[in-house]
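Engineer: Residue numbers (our numbering): 11 to 182. Glycine included, each C-beta is placed from N, C-alpha and C at the ideal position. For clarity, every value in this text was computed on a predicted model and none was experimentally measured. Quick one: the structure is below, and I'll ask about it shortly.
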């Protein structure tokens, strides 16, 4: 359940798992958008402000899957981010990722899901932004340069999905 949630939201593993610790939250703001609070990397800031995340599935489906994850994981609010990550480290393997997504090449790392998410969001939503600027907004980066590592992933065979999700609206 974790891997698909990462792919359709572009979040980091700990940001999804932190829903179970009440340090992250998602609130529906549109058919395919949620307001995300709980950014992990904050560049020395106390907390990043909430921002809108476009999803690759309907928001209701995403929120339902998050509820199932919360139910399965239980309350982990007494754990630090490091403890949560350590308790799940056996799942963050290339083999587990290939089990969840068998079409991925051997040796892929979990962070590839953020790159794939950005490519799909760039293609499926209609917008006029450069992909690195889009990445800054939807991945929660503080600078466009932080998004450059995600723009080189190539996804073939998605031409039929061009603007399939309509115009991108990042208004909270």
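Between which two residues does the alpha helix (DSSP H) carrying residue 145 extend?
Structural biologist: Numbered from its first residue, the chain shown carries residue 145 at position 135. 141–149 is the extent of the alpha helix (DSSP H) around residue 145.
Engineer: Below 8 Å CB to CB, which residues in the same chain sit around residue 14 once its five sequence neighbours on both sides are set aside?
Structural biologist: The residue given as residue 14 occupies position 4 in the chain shown. Cβ within range, chain order: 75, 110.
Engineer: Can you list the beta strand (DSSP E) stretches of 3 or more residues lying completely in the segment 61–124, in chain order?
Structural biologist: Runs of the beta strand (DSSP E) inside the segment 61–124: 61–64.
Engineer: Going by the beta-carbon positions, is the gap between residue 60 and residue 46 smaller than 8 Å?
Structural biologist: Numbered from its first residue, the chain shown carries residue 60 at position 50. Numbered from its first residue, the chain shown carries residue 46 at position 36. Contact flag set, yes.
Engineer: Judging by CA-CA distance, which residue of 35, 66, 57, 71 is the nearest neighbour of residue 124?
Structural biologist: Start at 1 with the first residue of the chain shown, and residue 124 comes out as number 114. Checked all of 35, 66, 57, 71; the closest Cα to residue 124 is 66.
Engineer: Return the CA-CA distance between residue 100 and residue 83, expressed in angstroms with no decimal places.
Structural biologist: For this step, residue 100 is matched to residue 90 along the chain shown. For this step, residue 83 is matched to residue 73 along the chain shown. The straight-line gap from Cα to Cα measures roughly 15 Å.
Engineer: Check whether the Cβ atoms of residue 41 and residue 68 sit closer than 8 Å, and answer yes or no.
Structural biologist: Along the chain shown, read from residue 1 onward, the residue named residue 41 stands at position 31. Along the chain shown, read from residue 1 onward, the residue named residue 68 stands at position 58. Yes, the pair counts as a contact, with Cβ atoms nearer than the cut-off.
Engineer: Determine the direct distance from the alpha carbon of residue 22 to that of residue 16, and round the result to whole angstroms.
Structural biologist: Locating residue 16 in the chain shown gives position 6, where the first residue counts as 1. Locating residue 22 in the chain shown gives position 12, where the first residue counts as 1. Spanning the two alpha carbons is a distance of roughly 7 Å.
Engineer: Which residues bound the alpha helix (DSSP H) around residue 161?
Structural biologist: Stepping through the chain shown from its first residue, residue 161 is reached at position 151. Element bounds for residue 161: n/a, residue is neither H nor E.
Engineer: Could you check what DSSP says for residue 29 in three-state terms: helix, strand or coil?
Structural biologist: In the chain shown, counting from the first residue as 1, residue 29 sits at position 19. Helix, per DSSP.
Engineer: Residues bridged to residue 40 by DSSP?
Structural biologist: As a working note, residue 40 is residue 30 in the chain shown. Answer is 43.
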